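Student:
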Amino acid sequence: MKAAILNGYDKNGCDLVIRDIPVPEIGNDEVLVKIHTAGVNPLDNMIIRGEVKMIVPYRFPLVMGNEFVGTIDKLGAGVSDFSVGDRVYGRMPLGKIGAFAEYAAIDRRAIAKVPDYLSDEEAACVPLTALTALQALELMTPKAGETIFISGGTGSLGAMAIPVAKSYGLTVITNGSAANRERVLSLGADRFIDYKTEDYAKVLTDVDAVLDTLGERELAKEFAILKHGGKLVSLRGMPNGEFAERSGMSAVKRMLFKVAGGKMDRMAAKKNQSYYFVFVHEDGAGLKKISEIFAKRRIEASVDEVFSLDEVNAALHKVAAGRSKGKTVLRVNS
Ligand SMILES: NC(=O)c1ccc[n+]([C@@H]2O[C@H](COP(=O)([O-])OP(=O)(O)OC[C@H]3O[C@@H](n4cnc5c(N)ncnc54)[C@H](OP(=O)(O)O)[C@@H]3O)[C@@H](O)[C@H]2O)c1
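In our numbering, the protein residues as written are -4 to 329.
#1: Assign T32 to one of three DSSP states: helix, strand, or coil.
#2: Tell me the DSSP secondary structure of T166 in three-state form.
#3: For the beta strand (DSSP E) containing H312, list its first residue and its last residue.
#4: Tell me, to the nearest whole angstrom, how far the beta carbon of A100 is from that of E20; I am working on the premise that it is less than 8 Å.
#5: Is any non-hydrogen atom of ligand 1 found closer than 7 Å to the C-beta of M259, if you look at the structure I gave you?
#6: What three-state label does DSSP hand T323 in the structure shown?
#7: Run the CB neighbour count on R86, radius 10 Å, all protein chains shown included, and call it buried at 16 or more, exposed below.
#8: Hey, G0 and L57 are a contact pair by Cβ (cut 8 Å); roughly how many whole angstroms apart?
#9: For T136, count the other beta carbons within 10 Å of its own beta carbon; 16 or more makes it buried, fewer makes it exposed. Which is it?
#10: So, is R377 buried or exposed, given that buried needs 16 or more other C-beta atoms within 10 angstroms?
#11: Would you identify the three-state DSSP class for E300, choosing helix, strand or coil?
#12: May I ask you to verify whether the region 42 to 52 touches the region 64 to 71, counting CB pairs closer than 8 Å and requiring at least 3?
#13: Any idea which residues DSSP pairs G85 with across the strands?
#14: Please list the terminal residues of the continuous beta strand (DSSP E) segment that includes Y4.
#15: Any heavy atom of ligand 1 within a distance shorter than 7 Å of the CB on G147?
#16: So which of R176, T192, P234 has the shortest CA-CA distance to D185?
#17: Out of I294, A290, G279, R292, which one is the CA nearest neighbour of R103?
#18: Could you check if S245 belongs to the surroundings of ligand 1, using beta carbon to heavy atom distance under 7 Å?
#19: Which class does V51 belong to by DSSP, given the choice of helix, strand or coil?
#20: Tell me whether P37 counts as near ligand 1, meaning its Cβ is closer than 7 Å to at least one heavy atom of that ligand.
#21: Can you give me the start and stop residues for the beta strand (DSSP E) that M189 sits inside?
#22: Return the CA-CA distance between F274 and S329, expressed in angstroms with no decimal places.
#23: Quick check: the region 119 to 136 against the region 309 to 316, are at least 3 beta-carbon pairs closer than 8 Å?
#24: Residue ranges of each alpha helix (DSSP H) run of no fewer than 4 residues wholly in the region 115 to 165, ordered along the chain?
#25: Would you say the beta carbon of V273 is closer than 7 Å to some non-hydrogen atom of ligand 1?
#26: Under 7 Å Cβ to Cβ from G164, same chain only, skipping five residues before and after it: list those, please.
#27: Use the C-beta contact count for D299: other C-beta atoms within 10 angstroms, 16 or more gives buried, fewer gives exposed.
#28: Where do the ends of the beta strand (DSSP E) carrying A204 lie?
#29: In the DSSP output, which residue or residues are listed as bridge partners for G171?
#30: What are the partner residues of Y270, as DSSP defines its beta bridges?
#31: N235: beta carbon under 7 Å from a heavy atom of ligand 1?
#32: Taking the beta carbon of V247 as the centre, do at least 16 other beta carbons fall within 10 Å, making it buried, or is it exposed?
#33: Using CA atoms only, rank isn't needed, just tell me which of I30, G8, G22, A215 is closest to F41.
#34: Based on the DSSP output, what are the partners of K69 in its beta bridges?
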């Protein structure tokens, strides 16, 4: 089968190589999925540059790709909750990615059935970013009626995080570039701030929760608009000791992240706020919940551009360049 392979980290970024490799064998709890589409994420470029190797170290050669949509071709002996032919999707297990390929062997606990109304391209927008939003919101424990600020909500993450936050009954404020205003409002955002002409830190106060997608450069402002005792979940800031502990990391890594994220914890402590970092992990049960929310609310997915597997490097460069209008997707098998 054809697969897009990374042969080693390169801090300046490098191209993946398309190679013919054997179709993977499946384990007892795995299914073999014929991949239809795969979402392309900033995370893929971060893996290539070695930026997340402290969180998930990979061995090479590595079949890349963190999320997929496809049909089940074969079941492992221990799989009884899915059938051959089911159309499924998922965030690939952290320790075994590989969605940029014609087939992948995937643990049954990482997958869920795709809501029928979504096309393969639309469904490829969902797993990684919707699970990120769900995992962040679970840490925030928000109550209906509260307000959340999602920074940079005009990208592929925002396209999922906004409707998922709305499904919790939250008032959603987000910012991004003006060209995306109408699309983002149509996703359910209650207020949109154009970051080039208006500073959210000057117009927002006392929001109940912040979902940060921009990282360290914005954190001081994001803490400033957060209420006393509020929760900030970052997807881009430094992981801290709490994250390392929650993720079950070794004592050494817990200590390293406690030091690395100490600055964020100290910023949060000033107003009795809490700082969390999320690194989205596979979760079939969470994705089933997402599928139910999507099917009930008929949430639309924002596909930006579709590439073929052979064009994977062009897709990765597009994601790296920003100016996102939603998800960049690979069409692998038709
Ligand atoms: N930790 C995790 O598990 C996890 C999971 C998913 C995503 N993430 C992270 O979340 C971030 C967003 O992901 P994505 O897939 O949505 O990326 P994306 O599709 O590239 O979107 C990013 C958006 O942010 C906007 N933006 C850039 N600078 C901004 C600023 N100063 N103020 C407001 N908006 C700004 C961009 O708008 P313009 O380009 O038009 O300016 C773009 O629409 C990435 O850093 C990604 O790595 C982390």
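Glycine included, every Cβ here is placed at the ideal spot set by N, Cα and C.
Keep in mind the model is a prediction, meaning the values are calculated, not measured.
Tutor: Quick look at the numbers:
#1: strand
#2: strand
#3: Here H312 belongs to no beta strand (DSSP E); instead the alpha helix (DSSP H) covers 307 to 316.
#4: 7 Å
#5: no
#6: strand
#7: buried
#8: The question names Gly, yet the displayed sequence has Ile at residue 0. About 7 Å; that satisfies the 8 Å criterion.
#9: exposed
#10: Only positions -4 to 329 of the chain appear in the structure, and residue 377 is not among them; the question remains open.
#11: strand
#12: no
#13: F63, I106
#14: First-last for Y4: undefined, no H or E at that position.
#15: yes
#16: R176
#17: G279
#18: no
#19: coil
#20: yes
#21: In the sequence on display, residue 189 carries Asp and not Met. From DSSP, the beta strand (DSSP E) with D189 extends over 186 to 189.
#22: 31 Å
#23: no
#24: 115 to 118, 122 to 135, 151 to 162
#25: yes
#26: A139, G140
#27: buried
#28: 202 to 207
#29: D189
#30: L227
#31: no
#32: exposed
#33: Rather than Phe, the amino acid found at residue 41 in this sequence is Met. Checked all of I30, G8, G22, A215; the closest Cα to M41 is G8.
#34: L27
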